[in-house]
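The structure appears below as structure tokens.
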Amino acid sequence: MEQQNLEAVMGLIMFGGNAKSDAMEAIAAAKAGDFELADQKVKDAEESLVQAHHAQTGMLTQEAQGNHMEVTLLTVHSQDHLMTSIAFTDLAKEIIDLYRRMDNK
21 MEQQNLEAVM GLIMFGGNAK SDAMEAIAAA KAGDFELADQ KVKDAEESLV QAHHAQTGML
81 TQEAQGNHME VTLLTVHSQD HLMTSIAFTD LAKEIIDLYR RMDNK
């Protein structure tokens, strides 16, 4: 795998992992009633997802330009990591909303 592609793949894994961790911390903060921290952690997760998308866009641009990338287990893992992090962050927002509703009653 070329160095540029390896860096993009590792970016997906790193930023995706950061997003998932921040989303998990957001849920924990909401559970504790700290909605300000929960909102900040969701924002942090979303910023990490933007960074991951930049890495992914670079890979897609290379592919569109005819520079086909070898698909390895690491590549598949990175895409899986990103998609899981996106889904987890979306779910975290819903869980936080539920905690907010419970707190308001």
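Just so we're aligned: 123 in the numbering used here is position 103 of the sequence shown, and the numbers increase by one with no gaps anywhere.
Heads up, the beta-carbon is just placed ideally off N, CA and C, and yes, glycines get one too.
Nothing here was measured: the structure is a model prediction, and the numbers come from that model.
query	result
Please go through the same chain and pick out, in chain order, the residues whose beta-carbon is closer than 6 Å to the beta-carbon of Ala65, but skip the five residues on each side of it.	Ala39, Asp42, Ala43 and Thr109
Would a C-beta distance cut-off of 9 Å place His101 and Leu32 closer than the cut-off?	yes
Distance check for Lys61 and Leu80, CA to CA, integer angstroms please.	28 Å
Does the distance from the C-beta atom of Phe55 to that of Arg121 stay below 9 Å?	no
Taking the straight line between their C-alpha atoms, what separation do you get for Met89 and Gln82?	8 Å
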